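Participant:
Number of protein chains: 2
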Amino acid sequence: MKTQTRLQKPTIKDIANACGVSTATVSYVLNGKSVLRADTRERVYQAMRDMNYHPNALARGLHTKTMRALGIMLGTVDPSEFVVNPYTSRILQGVVQEARRQKFHVTLFTDDWLGADASGPSIRDGRTDGILVVAPILGTDIMDTLPEMQPNIVAISAPARPFVDIVDVDDFAGGRLATEHLINLGHRRIAYLTGNSDLSSYQPRLAGYLAALDVAGIEPDNRLIVESHFDGSLAGAQTKALLELPERPTAIFAGNDAIAFQTVSAIRDAGLSVPEDVSVVGYDDMPAASVVTPKLTTINQPLVEIGVTATTMLIERIAASESSGGLRRKAENVLLAPKLVVRDSTGPLARR
Amino acid sequence: MKTQTRLQKPTIKDIANACGVSTATVSYVLNGKSVLRADTRERVYQAMRDMNYHPNALARGLHTKTMRALGIMLGTVDPSEFVVNPYTSRILQGVVQEARRQKFHVTLFTDDWLGADASGPSIRDGRTDGILVVAPILGTDIMDTLPEMQPNIVAISAPARPFVDIVDVDDFAGGRLATEHLINLGHRRIAYLTGNSDLSSYQPRLAGYLAALDVAGIEPDNRLIVESHFDGSLAGAQTKALLELPERPTAIFAGNDAIAFQTVSAIRDAGLSVPEDVSVVGYDDMPAASVVTPKLTTINQPLVEIGVTATTMLIERIAASESSGGLRRKAENVLLAPKLVVRDSTGPLARR
DNA sequence: CATGATCACTTAAACGATTAAGTGATAAAC
DNA sequence: GTTTATCACTTAATCGTTTAAGTGATCATG
Chain A
1 MKTQTRLQKP TIKDIANACG VSTATVSYVL NGKSVLRADT RERVYQAMRD MNYHPNALAR
61 GLHTKTMRAL GIMLGTVDPS EFVVNPYTSR ILQGVVQEAR RQKFHVTLFT DDWLGADASG
121 PSIRDGRTDG ILVVAPILGT DIMDTLPEMQ PNIVAISAPA RPFVDIVDVD DFAGGRLATE
181 HLINLGHRRI AYLTGNSDLS SYQPRLAGYL AALDVAGIEP DNRLIVESHF DGSLAGAQTK
241 ALLELPERPT AIFAGNDAIA FQTVSAIRDA GLSVPEDVSV VGYDDMPAAS VVTPKLTTIN
301 QPLVEIGVTA TTMLIERIAA SESSGGLRRK AENVLLAPKL VVRDSTGPLA RR
Chain B
1 MKTQTRLQKP TIKDIANACG VSTATVSYVL NGKSVLRADT RERVYQAMRD MNYHPNALAR
61 GLHTKTMRAL GIMLGTVDPS EFVVNPYTSR ILQGVVQEAR RQKFHVTLFT DDWLGADASG
121 PSIRDGRTDG ILVVAPILGT DIMDTLPEMQ PNIVAISAPA RPFVDIVDVD DFAGGRLATE
181 HLINLGHRRI AYLTGNSDLS SYQPRLAGYL AALDVAGIEP DNRLIVESHF DGSLAGAQTK
241 ALLELPERPT AIFAGNDAIA FQTVSAIRDA GLSVPEDVSV VGYDDMPAAS VVTPKLTTIN
301 QPLVEIGVTA TTMLIERIAA SESSGGLRRK AENVLLAPKL VVRDSTGPLA RR
C-alpha cells in the first residue's frame with residue numbers, strides 16, 4: 001500500500017524525503033526565514049521543480065491565519081447581476097486592480113445575505129483575510145452583525161457604523177453639482193427623477209438637489225420630485241406626466257443614465273427636443289452616455305477609485321490587525337468627489 | 001497564560017469542552033453523518049450559537065480536499081479590465097449565477113499568467129476545487145501547462161486541447177450569419193473590419209464570412225478585409241479608407257460593436273448615411289447597440305449562457321473526479337449558437 | 001581547554017477540522 | 001445466561017504546513 005504509484009500531488013514531506021532533509025528545512029527554503037547552505041537550498045528547489053511541487057494554501061493558511069485573499073460581499077439581492085451592473089462592476093474593477101497590485105486574490109461570496117442568521121459563515125471561515133461590503137440594500141441588518149463576525153471590514157456605499165471603514169462617493173455633492181449646473185444655465189423649474197429610495201444614495205442626493213435650489217432661492221415643488229427606478233423602466237411614463245404639468249419643467253435631473261435615456265426618448269416622443277426645449281442631466285457617466293445622441297451631460301462617479309481606495313484601506317486594516325493582535329482600530333470615513341461632465345443634453349434656458 | 005480571556009474565535013474544541021463531549025461528536029452534529037441523541041445535538045447547537053461558532057473552512061478543506069469554490073483565470077493581460085470588459089463580464093455573470101445556485105464561491109485569481117513558470121501556484125494550492133480559464137490570448141502556453149497542474153479545468157473561448165473541456169460560441173456561424181444577412185439584403189461588396197488576429201475568434205469568423213461569400217458566388221476582395229482592433233481605435237481611419245476605394249463597399253461587417261460605432265461615425269463624417277448608403281452590422285450586441293442612432297444590427301452572443309454552461313460542466317467534472325478518484329474524463333466540446341439581431345443599421349442595397 | 005557563539009539544521013507541537021476504528025452500556029436473540 | 005447487535009458516543013490518526021525550541025558540530029575566545 002505504501003508503494004503505490006505517486007499520482008497524488010507531492011507534499012512537503014515528499015520533497016523532504018527526496019532531499020534527505022526534514023520538512024522544516026523545506027519549509028524554510030520556501031519561506032526564506034532561516035539561513036541555509038546554498039547547496040541545500042538548491043537541492044530542495046531542484047526537487048520541487050522535478051516533482052512539480054506547490055505548497056498547499058490551506059495547510060499554510062491554517063497555521064499562519066492569512067490567505068492573501070479578500071472577500072467581496074455582494075450587497076445586492078441578486079449577486080450575479082452585481083457583476084454586470086455598470087456601477088458595481090467598475091468598483092469591482094478597482095478592487096481587482098489594487099488587490100492584484102498587492103498580490104491578493106479576490107473571492108466573490110455567493111451566499112444569501114438576507115437575514116442576520118444566514119449571513120456570516122463564509123466571511124469568517126478563514127478563506128479570506130477581510131471583506132469588502134458593497135452597497136448593501138438599506139433596511140438589511142448585515143451592517144450591524146458583520147463587524148462582530150469579521151473585524152476586517154471596509155464598506156462601500158453603506159450607512160455609517162462604528163468600527164467599520166466606509167468609502168463612498170459624495171452623493172450630496174453630486175446632487176448639488178447637477179442641479180447647480182442647470183441653475184447656472186438659467187433653469188428654475190428643474191424636475192428630479194430620483195433613484196430607488198431604498199438605496200443609501202437617495203437621501204444625500206435629494207438633499208444636494210434641494211440645497212442647490214435653496215441657494216438659488218428657488219422654492220422646491222413636490223410635483224417635480226418623482227421617485228423613479230434605476231432600471232429606467234418607470235422614467236418614460238413619469239417624464240410624460242412631468243411634461244403635461246401646467247407649468248412644465250425646462251430641465252430634468254435624472255437619477256442615473258438609464259433613467260436619463262428614457263427621459264430623452266419620452267421628451268422626443270412628446271414632440272420636444274433636447275436640449276432646446278428641455279435639458280437633461282444624467283448620473284453615473286456610463287459608457288453609453290458619450291455614444292448616444294445628444295451626448296449626455298452627466299455626473300461621473302470615481303468608481304474605480306472607490307474600489308482602489310477601499311481595497312487599500314482593507315489591506316491596511318488586515319496588516320494592522322495582524323501586528324496589533326486584533327486591536328480594534330477606529331473607523332475611517334472617506335468621501336470621494338463626483339465630477340460634472342458637460343456634454344450636449346443640457347443648454348441654456350430658451351427665451352420665450 | 002492559559003486563562004487569558006477568550007478573544008479568539010472559538011474552535012470545535014471549545015464547543016466540545018463547553019458541552020462535555022468530544023470534538024468528534026461536535027463534528028458529527030455539524031455534518032450529520034452519525035446518529036446522535038436529540039438532546040446532545042441540541043446542546044451542541046446551543047453552545048455554537050452562544051459562542052458564535054463557525055467552522056474553519058481551511059481546516060475542513062485540508063482534510064476533505066474540497067472547498068466548494070471555483071477559480072477564475074483571467075486570460076487577459078490586465079485582469080482588472082476583465083471585470084468591465086462587456087464580453088467577459090457577462091460570462092462572469094453566468095458563472096456567478098450558476099456557482100451561486102450550486103453553492104460555490106468564485107475566486108478571481110490575480111496572478112500573472114504570462115509565462116509557464118509563473119502560472120500555476122494558486123490554481124493548485126487547494127483553495128479552489130477547479131478552475132475556469134476565460135479567453136486566454138493566443139500564443140500563450142498556459143493551455144498546455146495548466147491541465148497537468150489541475151485536472152479540473154473548463155476553458156471558455158480557448159483553443160482545443162486534450163483533456164480540457166471547452167465552451168465557446170460558434171464564431172464561424174456568427175461570421176456567416178452577419179454576412180448572409182447583408183447578402184440577403186442584396187449587398188455584394190461587403191467589407192469586413194476584423195477583430196484582433198491574436199484572439200481565437202479571428203480565424204473562424206473570417207472563415208464564416210468567406211463561406212457566406214462563397215455560397216453566394218461572390219469573389220472575396222482582399223482590399224475589403226482589414227484587420228482592425230476590438231477597442232475601436234483603428235476603425236475610423238480604416239472606414240475612411242474603405243469609402244475612398246474606387247468601388248466602395250455598400251456594407252461593412254464590423255468585428256464588434258465598438259468598431260461598428262466608429263464605423264458609423266466615419267460613414268457620416270464622409271457625408272454618407274447609414275443604412276441608406278452603407279449598411280453596418282456589428283458583433284456582440286452590447287447594451288449601447290440598442291441605444292445609439294441608428295440602432296445597430298448586430299450578432300448576439302449567448303455570453304451568460306456560456307458562463308452558466310461552463311460552470312455546470314466544471315462542477316460536474318469536480319464531482320466526477322471526487323468519486324472516481326481522479327480518473328481523467330475525456331474532453332467535452334460545446335459550441336453555442338450566436339443569434340442575428342436585426343435593427344436599423346442595415347437595409348437593402350440602394351438601386352442606383 | 002573549558003566556554004560560548006554561530007551555523008545548519010532537526011524535533012515536535014501546533015493550526016482546526018474529519019473520520020475510521022474502537023468502546024462500554026443496554027437491549028434483543030437463542 | 002452467554003452471544004450478538006445496536007446505540008451513542010470517544011480515541012486517535014490524519015490532512016500539509018509553520019515555527020519555537022533543541023541539537024550536534026565546528027570555530028573562535030580568553
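Heads up: the sequence lines are chains A and B, in that order. First residue of the first sequence? That's 1 in this note's numbering, and the numbers climb one at a time after it. First residue of the second sequence? That's 1 in this note's numbering, and the numbers climb one at a time after it. Heads up, the beta-carbon is just placed ideally off N, CA and C, and yes, glycines get one too. It should be emphasised that the depicted structure is a prediction, and the values quoted were computed from it without experimental measurement.
Please classify A/Ser-279: does DSSP put it in a helix, a strand, or coil?
Facilitator: Strand, per DSSP.
Participant: Taking the C-alpha atoms as reference points, what is the distance between A/Lys-33 and B/Pro-338?
Facilitator: Taking the straight line joining both Cα atoms gives about 55 Å.
Participant: Would a check of beta-carbon distances place A/Val-341 closer than 8 Å to chain B?
Facilitator: It does not; no Cβ of chain B falls within 8 Å.
Participant: Under 8 Å between the Cβ atoms of B/Pro-294 and B/Asp-231?
Facilitator: Result no, Cβ atoms of B/Pro-294 and B/Asp-231 do not sit closer than 8 Å.
Participant: So, is the C-beta of B/His-229 closer than 8 Å to a C-beta in chain A?
Facilitator: Taking Cβ atoms only, chain A never reaches closer than 8 Å to B/His-229, which makes this a no.
Participant: Given B/Pro-121, which residues of its chain have a CB within under 8 Å of its CB, disregarding the five upstream and five downstream residues?
Facilitator: Cβ within range, chain order: Asp-111.
Participant: Could you give the DSSP three-state label for A/Ala-116: helix, strand or coil?
Facilitator: Any answer about A/Ala-116 is weak, because its pLDDT of 47 lies below 50 and its placement is not dependable; what the coordinates show is given next. A/Ala-116: coil per DSSP, three-state reduction.
Participant: Name the one or two DSSP bridge partners that B/His-105 has.
Facilitator: B/His-105 pairs with B/Ala-69.
Participant: Is A/Pro-338 close to chain B? Criterion is C-beta to C-beta, closer than 8 Å.
Facilitator: So no, A/Pro-338 is outside the interface.
Participant: Closest by CA to B/Val-226, which one among B/Tyr-202, B/Ala-211, B/Thr-194?
Facilitator: Out of B/Tyr-202, B/Ala-211, B/Thr-194, B/Thr-194 has the C-alpha closest to the C-alpha of B/Val-226.
Participant: Quick check: is the beta carbon of A/Ala-254 nearer than 8 Å to any beta carbon in chain B?
Facilitator: No, A/Ala-254 does not count as interfacial toward chain B.
Participant: Drop a sphere of 10 angstroms on the beta-carbon of A/Glu-98, count the other beta-carbons inside from all chains shown, and report buried for 16 or more, exposed for fewer.
Facilitator: Buried is the call here.
Participant: Got a sec: is the Cβ-Cβ distance from A/Gly-61 to anything in chain B below 8 Å?
Facilitator: By this cut-off, A/Gly-61 is an interface position.
Participant: Compare the Cα-Cα distances from B/Gly-174 to each of B/Gln-262, B/Leu-340, B/Met-67 and report the closest residue.
Facilitator: Among B/Gln-262, B/Leu-340, B/Met-67, the Cα nearest to that of B/Gly-174 belongs to B/Leu-340.
Participant: Using the rule of at least 16 other Cβ atoms within 10 Å of the residue's Cβ for burial, across every protein chain shown, is B/Pro-275 buried or exposed?
Facilitator: When all chains shown are included, B/Pro-275 counts as buried.
Participant: For B/Thr-25 and chain A, any beta-carbon pair shorter than 8 Å?
Facilitator: Not closer than 8 Å to any Cβ of chain A, the Cβ of B/Thr-25 fails to qualify, so no.
Participant: What did DSSP end up calling B/Ile-218 once you bin it into helix, strand or coil?
Facilitator: Note: B/Ile-218 maps to coil in three-state DSSP.
Participant: Of the residues A/Thr-179, A/Ala-331, A/Ser-321, which one's Cα is nearest the Cα of A/Tyr-283?
Facilitator: For A/Tyr-283, the nearest C-alpha among the options comes from A/Thr-179.
Participant: Nearest-angstrom Cα distance between B/His-181 and B/Ala-288?
Facilitator: Taking the straight line from one Cα to the other gives about 21 Å.
Participant: By how many angstroms is the C-alpha of B/Met-286 removed from the C-alpha of B/Phe-109?
Facilitator: Rounded to whole angstroms, B/Phe-109 to B/Met-286 spans 26 Å at the Cα level.
Participant: What does B/Asp-141 pair with, by DSSP beta-bridge criteria?
Facilitator: None; B/Asp-141 has no bridge partner.
Participant: Ordered along the chain, which non-local residues of its own chain (more than five positions away) have a Cβ less than 7 Å from that of B/Gly-255?
Facilitator: Contacts found: Leu-193, Thr-194, Gly-195, Ser-228, Phe-230, Tyr-283.
Participant: Measure from the C-beta of B/Val-21 to each C-beta in chain A and report whether the shortest distance is under 8 Å.
Facilitator: Answer no: the Cβ-Cβ gap between B/Val-21 and chain A never drops below 8 Å.
Participant: Report the residues of the stretch 270 to 281 of chain B with a CB closer than 7 Å to any CB of chain A, ordered along the chain.
Facilitator: If the cut-off is 7 Å between Cβ atoms, the stretch 270 to 281 of chain B has nothing near chain A.
Participant: Among all the DSSP beta bridges, which residues are the ones paired with A/Leu-177?
Facilitator: Per DSSP, none; premise fails for A/Leu-177.
Participant: Using a beta-carbon distance below 8 Å, is B/Gly-126 in contact with chain A?
Facilitator: By this cut-off, B/Gly-126 is an interface position.
Participant: Terminal residues of the continuous beta strand (DSSP E) containing B/Asn-429?
Facilitator: With chain B represented from 1 up to 352, any question about residue 429 of chain B goes unanswered, as that position is not in the structure.
Participant: Exposed or buried, what is A/Ala-241 when buried is set at 16 or more other beta-carbons lying within 10 Å of its beta-carbon?
Facilitator: By the 10 Å Cβ count, A/Ala-241 comes out exposed.
Participant: For B/Pro-147, decide whether its Cβ has a neighbour in chain A, counting only Cβ atoms nearer than 8 Å.
Facilitator: By this cut-off, B/Pro-147 is not an interface position.
Participant: Report yes if the CB atom of A/Ile-153 is closer than 8 Å to the CB atom of A/Ala-135, and no otherwise.
Facilitator: No.
Participant: Which same chain residues end up closer than 6 Å to A/Ala-18 when comparing Cβ atoms and leaving out the 5 residues on each side of it in sequence?
Facilitator: These residues qualify, in order along the chain: Ala-47.
Participant: Taking the continuous alpha helix (DSSP H) assigned at A/Ala-251, which residues delimit it?
Facilitator: It is not in any alpha helix (DSSP H) - A/Ala-251 instead sits in the beta strand (DSSP E) that spans 251 to 254.
Participant: Please list the residues of the stretch 287 to 316 of chain B that have a C-beta atom closer than 8 Å to any C-beta atom in chain A, keeping them in chain order.
Facilitator: Under the 8 Å Cβ criterion, the stretch 287 to 316 of chain B contributes Pro-287, Ala-288, Val-291, Val-292, Thr-293.
Participant: Applying the criterion that 16 or more other CB atoms from any shown protein chain within 10 Å of the CB defines a buried residue, is B/Asp-125 buried or exposed?
Facilitator: With 16 or more Cβ atoms within 10 Å of its Cβ, B/Asp-125 is classed as buried.
Participant: Given a cut-off of 8 Å, decide if A/Ile-190 and A/Phe-253 are closer than it, judged by their beta-carbon atoms.
Facilitator: Contact: yes.
Participant: Any idea if B/His-105 is buried or exposed, counting beta-carbon neighbours within 10 angstroms, 16 or more meaning buried?
Facilitator: It counts as buried.
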